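In order, the protein sequences belong to chains R and D. Numbering-wise (the numbering used here), the first sequence opens with residue 130 and increments by one. Numbering-wise (the numbering used here), the second sequence opens with residue 130 and increments by one.
There are 2 protein chains.
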Amino acid sequence: MDEVEAAILFGALSNKDRLKVIRALVEAGPAGMNAGDIASKIGASPSRASFHLAALAEAGFVVRQRQSRSLNYRVDFDRVGGLVSFLMEDCCMGGCSQGGKPADNNRCSCKAT
Amino acid sequence: MDEVEAAILFGALSNKDRLKVIRALVEAGPAGMNAGDIASKIGASPSRASFHLAALAEAGFVVRQRQSRSLNYRVDFDRVGGLVSFLMEDCCMGGCSQGGKPADNNRCSCKAT
DNA sequence: ATATTAATTCAAGAATTATTGAAATGAAAG
DNA sequence: CTTTCATTTCAATAATTCTTGAATTAATAT
Numbered sequence: 130m131d132e133v134e135a136a137i138l139f140g141a142l143s144n145k146d147r148l149k150v151i152r153a154l155v156e157a158g159p160a161g162m163n164a165g166d167i168a169s170k171i172g173a174s175p176s177r178a179s180f181h182l183a184a185l186a187e188a189g190f191v192v193r194q195r196q197s198r199s200l201n202y203r204v205d206f207d208r209v210g211g212l213v214s215f216l217m218e219d220c221c222m223g224g225c226s227q228g229g230k231p232a233d234n235n236r237c238s239c240k241a242t
Numbered sequence: 130m131d132e133v134e135a136a137i138l139f140g141a142l143s144n145k146d147r148l149k150v151i152r153a154l155v156e157a158g159p160a161g162m163n164a165g166d167i168a169s170k171i172g173a174s175p176s177r178a179s180f181h182l183a184a185l186a187e188a189g190f191v192v193r194q195r196q197s198r199s200l201n202y203r204v205d206f207d208r209v210g211g212l213v214s215f216l217m218e219d220c221c222m223g224g225c226s227q228g229g230k231p232a233d234n235n236r237c238s239c240k241a242t
């Protein structure tokens, strides 16, 4: 993953309502939730929730599937995990293990925690 | 960390030049880099680099310190790690271990990778 | 004091993103 | 086939973020 793609993905997460959506879908697990329930859970209008869901879907964080009249959304854990890996490998791991000789005070809480 | 704070931090990372800055500072390690060298490394004008550095500093991802005429910047690994933790605990871990009984197909590449 | 180097701040305009409510789509039921 | 329900799409506006270059602050040396 390069900086351009990662920047787009971070942009998709740079909104509190979209983070609420992801948290709700993570709690819901593989069963997912339909758009209306997501909207009421995060306290947004249907069209606003739809807008946020479209942004998350374009970034690949969620996938959707029609179930009768409703549209079911669920989180793509692999996609979220890919971004976590980017942050860990290019930021934390890089600082700890790259460059030959990491200095004494270059601690890395990503690995420790 | 709540959604509002996390959204602000993700916003600070939602720009390719700012990600380049972080990558450069991670490579530089605890020695850090001064603003001018960062600007030329990422191919940005001094004022644009300064703008991006201010955004990263406000988010707490970088800290700065004057060294004679230059301003030295270095990455705060704890801060980056805190955001990684948010993604892992609230998104991946949540999906894998919360809610009592995670279903069979609820795999989590965040833990596997 | 003046000049030089390093970096930031500011203001103005450009570009992107967010928000709202109304209209449109798609599926199911009467 | 018309109605109803669920959700999206659209258009207009509002708000935020980005970009550029000129002016400003800060430290050092002459």
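Glycine included, each C-beta is placed from N, C-alpha and C at the ideal position. Please read all numbers here as calculations on a predicted model, not as lab measurements.
Close-in-space but distant-in-sequence residues of the same chain around Val209 (chain R) (CB under 8 Å, 5 per side omitted): Hits under 8 Å: Ile151 and Phe190.
For Phe180 (chain R), decide whether its Cβ has a neighbour in chain D, counting only Cβ atoms nearer than 7 Å. No - not a single Cβ of chain D is within 7 Å of the one on Phe180 (chain R).
Please compile the residues from chain R whose C-beta is within a distance smaller than 7 Å of the C-beta of Leu148 (chain D). Within 7 Å Cβ-Cβ: Glu132, Ala135 and Ala136.
Kindly indicate if chain R contains any beta-carbon less than 7 Å away from that of Ser143 (chain D). It does: the Cβ of Ser143 (chain D) has a partner Cβ on chain R nearer than 7 Å.
Looking only at its own chain, which residues have a Cβ that is under 7 Å from the Cβ of Gly161 (chain D), when we skip the five neighbours before and after it? If we look at Gly161 (chain D) and ignore the five residues flanking it on each side, its Cβ neighbours are Leu154, Asn201, Tyr202 and Arg203.
Status (buried if at least 16 other CB within 10 Å, exposed otherwise) for Thr242 (chain R): Bear in mind that a pLDDT of 30 at Thr242 (chain R), under 50, signals an unreliable position, so the number given afterwards is only what the model happens to contain. Counting C-beta atoms within 10 angstroms of its own C-beta, Thr242 (chain R) has fewer than 16 neighbours from the protein chains shown and is therefore classed as exposed.
Using beta-carbon positions only, say whether Val133 (chain D) and Lys149 (chain R) come within less than 7 Å of one another. The answer is no: Cβ separation not under 7 Å.
Ile137 (chain R) to Asp131 (chain R) span [Cα, whole Å]: So the alpha carbons of these two residues sit roughly 10 Å apart.
Is there a C-beta anywhere in chain R that falls below 7 Å from the one on Leu216 (chain D)? Interface residue, yes.
By Cβ distance below 8 Å, which residues in the same chain neighbour Gln227 (chain D) in space, the five residues on each side in sequence not counted? Any reading at Gln227 (chain D) must be qualified, since the residue scores a pLDDT of 38, below 50, and its modelled position is unreliable; no value is offered.
Counting along the chain, where does the beta strand (DSSP E) carrying Leu200 (chain D) start and finish? It spans Ser199 to Val204 - the beta strand (DSSP E) in which Leu200 (chain D) sits, taken as one unbroken run.
Can you find the residues in the same chain that come closer than 6 Å, C-beta to C-beta, to Ala135 (chain R), ignoring five residues on each side of it along the sequence? Within the same chain, Ala135 (chain R) has close Cβ partners Phe215.
Check the Cβ-Cβ distances between Val213 (chain D) and every residue of chain R, and say whether any is below 7 Å. So, interface residue.
Buried or exposed: Gly229 (chain D), going by 16 or more other Cβ atoms within 10 Å of its Cβ? Any reading at Gly229 (chain D) needs caution, since the residue's pLDDT is 32, under 50, leaving its predicted position unreliable; the model's value is listed next. Gly229 (chain D) should be labelled exposed.
Within chain R, partners of Gly189 (chain D) - CB distance below 8 Å: Contact annotation for Gly189 (chain D) against chain R: no contact, minimum CB-CB distance about 13 Å [criterion: below 8 Å].
Within 10 Å of its beta-carbon, does Ser174 (chain D) have 16 or more other beta-carbons around it, so buried, or fewer, so exposed? Exposed is the call here.
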